[in-house]
Structure formats: structure tokens, C-alpha cells
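Enquirer: Have a look at this one.
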């Protein structure tokens with residue numbers, strides 16, 4: 001069964017450093033998302049991406065964050081200058097584009113980001 | 001924006017009993033309501049979803065009901081098994097337009113053997 005994959009599974013970084021989290025969405029999916037989950041809290045939406053541009057973003061997704069689809073398979077989340085409060089589990093998700101009837105989002109296993 | 005409330009936060013049942021988790025949402029434009037199961041150290045896994053044009057959907061031991069007027073929806077698990085133990089999240093979104101999922105705070109279900 002096709003699945004979303006994410007690398008690395010765990011990333012430790014120093015405050016102020018840049019990190020790039022990588023995702024490979026399900027191959028025939030065209031809508032991509034990033035969510036985060038701070039330990040013990042609910043999953044929060046960051047950004048969605050479709051047709052090579054950001055479709056929507058939350059207040060969390062400020063200028064420190066960016067997303068990119070550098071090639072036909074990868075989808076990345078970059079945090080330019082990490083802060084302690086960026087420590088969280090980051091989930092990538094993807095969904096098909098069948099307008100009006102479909103919004104099933106399939107999640108990857110996540111990348112645990114620890115900012116020291 | 002959308003706000004999803006979920007309760008209870010923890011639920012402990014005996015194996016074989018039923019479990020019910022309830023959610024309410026605030027945005028009347030939301031029309032897609034998925035439920036996710038999250039096991040320790042893993043990503044959320046979609047287990048069932050419902051669209052606003054139906055009131056109930058069932059898949060084996062799992063069912064979801066939706067009351068659009070009251071803006072609430074529920075997950076029902078019958079004949080619970082130890083492997084059902086996990087954290088369950090409800091979510092709400094729209095099928096078109098704003099597709100971002102707004103999640104509830106989660107319910108930790110413990111099925112006692």
C-alpha cells in the first residue's frame with residue numbers, strides 16, 4: 001500500500017540553525033500539507049501546497065518557514081532560524097485532487113525536531 | 001476560523017465493550033469530518049470519515065454519526081479489542097476551498113483485556 005515517507009525520523013539542532021525536513025508524498029497525490037504536534041497537544045495545520053504554490057497557511061507559518069517541491073517526488077519544509085518553541089513532531093500529509101468529493105489526507109510517520 | 005472540541009480526553013473500557021468519542025465544530029461551512037488513530041511514535045492514520053451529505057457511516061466495528069444542525073459528530077467503536085488502544089483525533093475541514101484539517105485535542109483510549 002502506498003504511503004507517505006519522511007526523513008529524518010529525528011532531527012536535533014541548535015537554536016538559530018536552519019533545518020530542512022523532507023517528505024515523499026504518495027505518488028499520484030497532488031495536494032501536500034505540513035502539520036506539527038507539540039508534545040501532548042493537538043495536531044496543528046501549518047501549510048498546504050498545490051500546483052507549485054502555497055494554497056493556504058496558518059498564523060504559525062511565518063517568514064521563518066518555507067516549503068518547496070524541488071523535484072517530482074520530494075516536498076520539503078525549511079525553518080530558517082530555529083527557536084526552542086519549534087520543537088515538535090512535524091507531519092507531512094498528501095491527498096488526491098478530486099474536487100468536490102475528496103479530501104482524504106494521508107499522514108507520514110513524522111519527524112521529531114528537537115531544538116536545543 | 002474553525003474550532004473543534006473533543007471529549008473525553010481519556011477513556012478506559014473493558015475489552016468487548018463499546019467506546020464513544022464526541023466532537024463539536026464551530027464552522028457551519030465545514031463538510032468533511034475524518035477520524036484519525038495515532039499509535040505511539042507514529043503518524044495519524046485515517047480510520048473513517050464522513051461527509052455532510054450523510055448522517056451515518058459504518059465500517060465493520062467502527063461507525064461515525066454526524067448531526068449538522070447541532071454541529072457535532074461522534075465515533076463509535078464496538079467490541080473493543082486491546083489493539084484499539086491509541087489516541088483518537090477528530091477533525092473538520094471543507095472538501096473545497098479551505099482544506100486544512102482542524103483537529104480536536106485527542107482522546108486516549110485504553111482497552112483493558
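Residue numbers (the working numbering), protein chains in the order written: chain A, 1 to 116; chain B, 1 to 113. The beta carbon of each residue, even a glycine, is placed where N, CA and C say it ideally should be.
On a CA-only basis, which of A:94, A:103, A:116, A:115 is nearest residue 26 of chain A? Give me that one, please.
Expert: Counting from 1 along the first chain, the entry for residue 26 of chain A is found at position 26. Checked all of A:94, A:103, A:116, A:115; the closest Cα to residue 26 of chain A is A:94.
Enquirer: Which residue from A:48, A:30, A:11 puts its Cα closest to that of residue 72 of chain A?
Expert: Counting from one through the first chain, the residue named residue 72 of chain A turns up at place 72. Here the closest residue by C-alpha is A:30.
Enquirer: Let me make sure I understand the geometry here. Which of A:64, A:12, A:22, A:106 has the alpha-carbon closest to that of residue 115 of chain A?
Expert: Walking along the first chain from the start, residue 115 of chain A turns up at place 115. Checked all of A:64, A:12, A:22, A:106; the closest Cα to residue 115 of chain A is A:12.
Enquirer: How many angstroms separate the CA atom of residue 17 of chain A from the CA atom of residue 86 of chain A?
Expert: Within the first chain, residue 17 of chain A is the residue found at index 17, counting from 1. Within the first chain, residue 86 of chain A is the residue found at index 86, counting from 1. Rounded to the nearest angstrom, the two C-alpha atoms are 11 Å apart.
Enquirer: For residue 125 of chain B, would you say it is in contact with chain A, using Cβ-to-Cβ distances shorter than 8 Å as the test?
Expert: Limits of chain B in this structure are 1 at one end and 113 at the other, which puts residue 125 of chain B out of reach.
Enquirer: Return yes when the Cβ of residue 37 of chain B is within less than 8 Å of the Cβ of residue 109 of chain A, no when it is not.
Expert: Reading the first chain from its first residue, position 109 is the one you call residue 109 of chain A. Reading the second chain from its first residue, position 37 is the one you call residue 37 of chain B. No, they are not a contact pair.
Enquirer: Can you pull the chain B residues whose beta carbon is under 9 Å from the beta carbon of residue 178 of chain A, in chain order?
Expert: Residue coverage of chain A in this structure runs from 1 to 116, which leaves residue 178 of chain A outside it and unanswerable.
Enquirer: I want to verify the contact list: residues of chain A whose CB lies under 7 Å from the CB of residue 26 of chain B, in sequence order.
Expert: By one-based count along the second chain, residue 26 of chain B stands at place 26. Ordered by position in chain A, no residue passes the 7 Å Cβ test against residue 26 of chain B, which lies about 15 Å from the chain.
Enquirer: Please list the terminal residues of the continuous beta strand (DSSP E) segment that includes residue 77 of chain B.
Expert: The residue you call residue 77 of chain B lines up with position 77 of the second chain. Where residue 77 of chain B is concerned, the enclosing beta strand (DSSP E) stretches over 72-77.
Enquirer: How many angstroms separate the CA atom of residue 105 of chain A from the CA atom of residue 45 of chain B?
Expert: Mapped onto the first chain, residue 105 of chain A falls at position 105. Mapped onto the second chain, residue 45 of chain B falls at position 45. Roughly 9 Å separates the two Cα atoms.
Enquirer: Are there three or more Cβ pairs, one per stretch, closer than 8 Å when the region 1-9 of chain B is compared with the region 46-60 of chain B?
Expert: No, because fewer than three Cβ pairs between the region 1-9 of chain B and the region 46-60 of chain B fall closer than 8 Å, the two stretches do not touch.
Enquirer: Pull up the CB-CB distance for residue 75 of chain B and residue 90 of chain B, whole angstroms please, since I reckon it's below 8 Å.
Expert: Position 75 of the second chain, counting from 1, holds the residue named residue 75 of chain B. Position 90 of the second chain, counting from 1, holds the residue named residue 90 of chain B. Rounded, the Cβ-Cβ distance is 7 Å, consistent with contact.
Enquirer: Where does the unbroken beta strand (DSSP E) through residue 26 of chain B begin, and where does it stop?
Expert: Position 26 of the second chain, counted from the first residue, corresponds to residue 26 of chain B. Per DSSP, residue 26 of chain B belongs to no beta strand (DSSP E) and is neither H nor E.
Enquirer: Contact defined as beta carbons within less than 8 Å: I believe residue 19 of chain B pairs with residue 95 of chain B. What is the distance between those atoms, to the nearest angstrom?
Expert: Indexing the second chain from 1 puts residue 19 of chain B at position 19. Indexing the second chain from 1 puts residue 95 of chain B at position 95. About 28 Å separates the two Cβ atoms, so there is no contact after all.
Enquirer: Bridge partners for residue 49 of chain B per DSSP, in chain order?
Expert: In the second chain, residue 49 of chain B corresponds to position 49, counting from 1. According to DSSP, residue 49 of chain B bridges with B:34.
Enquirer: Rounded to whole angstroms, what is the Cα-Cα separation between residue 34 of chain B and residue 21 of chain A?
Expert: Locating residue 34 of chain B in the second chain gives position 34, where the first residue counts as 1. Locating residue 21 of chain A in the first chain gives position 21, where the first residue counts as 1. If you take the alpha carbons of residue 34 of chain B and residue 21 of chain A, they lie about 26 Å apart.
Enquirer: In chain order, what residues of the same chain lie with their CB nearer than 6 Å to the CB of residue 87 of chain B, ignoring the 5 residues before and after it?
Expert: Here residue 87 of chain B corresponds to residue number 87 of the second chain, with the count starting at 1. Excluding residues within five positions, the ones whose Cβ falls inside 6 Å are 38, 106, 108.
Enquirer: So residue 23 of chain A packs on residue 6 of chain A, CB below 8 Å; how close in whole Å?
Expert: Here residue 23 of chain A corresponds to residue number 23 of the first chain, with the count starting at 1. Here residue 6 of chain A corresponds to residue number 6 of the first chain, with the count starting at 1. So it is a contact: roughly 5 Å between Cβ atoms.
Enquirer: Given that residue 52 of chain B touches chain A, what residues does it touch there, using C-beta distances under 8 Å?
Expert: On the second chain, residue 52 of chain B is found 52 positions in, with the first residue counted as 1. None at all; the shortest Cβ gap to chain A is about 12 Å.
Enquirer: Between residue 113 of chain B and chain A, is the shortest Cβ-Cβ distance under 8 Å, so that the two count as touching?
Expert: Here residue 113 of chain B refers to the residue found at position 113 of the second chain. Chain A, which has no Cβ nearer than 8 Å to the Cβ of residue 113 of chain B, makes this no.
Enquirer: Just to confirm, are residue 91 of chain A and residue 101 of chain B a CB contact at a threshold of 8 Å?
Expert: The residue you call residue 91 of chain A lines up with position 91 of the first chain. The residue you call residue 101 of chain B lines up with position 101 of the second chain. No, Cβ-Cβ distance for residue 91 of chain A and residue 101 of chain B is not below 8 Å.
Enquirer: So, does the CB of residue 90 of chain A fall closer than 8 Å to a CB anywhere in chain B?
Expert: What you label residue 90 of chain A is simply residue 90 of the first chain in a count that begins at 1. No, because no Cβ of chain B sits closer than 8 Å to the Cβ of residue 90 of chain A.
Enquirer: Take the Cβ of residue 88 of chain A as the centre, count every other Cβ of all protein chains shown within 10 Å, and call the residue buried at 16 or more, exposed below.
Expert: Taking the first residue of the first chain as position 1, residue 88 of chain A is located at position 88. Buried.
Enquirer: Can you give the Cα-Cα distance for residue 79 of chain A and residue 8 of chain A, rounded to whole angstroms?
Expert: Within the first chain, numbered from 1, the residue matching residue 79 of chain A stands at position 79. Within the first chain, numbered from 1, the residue matching residue 8 of chain A stands at position 8. The alpha-carbon atoms of residue 79 of chain A and residue 8 of chain A are separated by roughly 15 Å.
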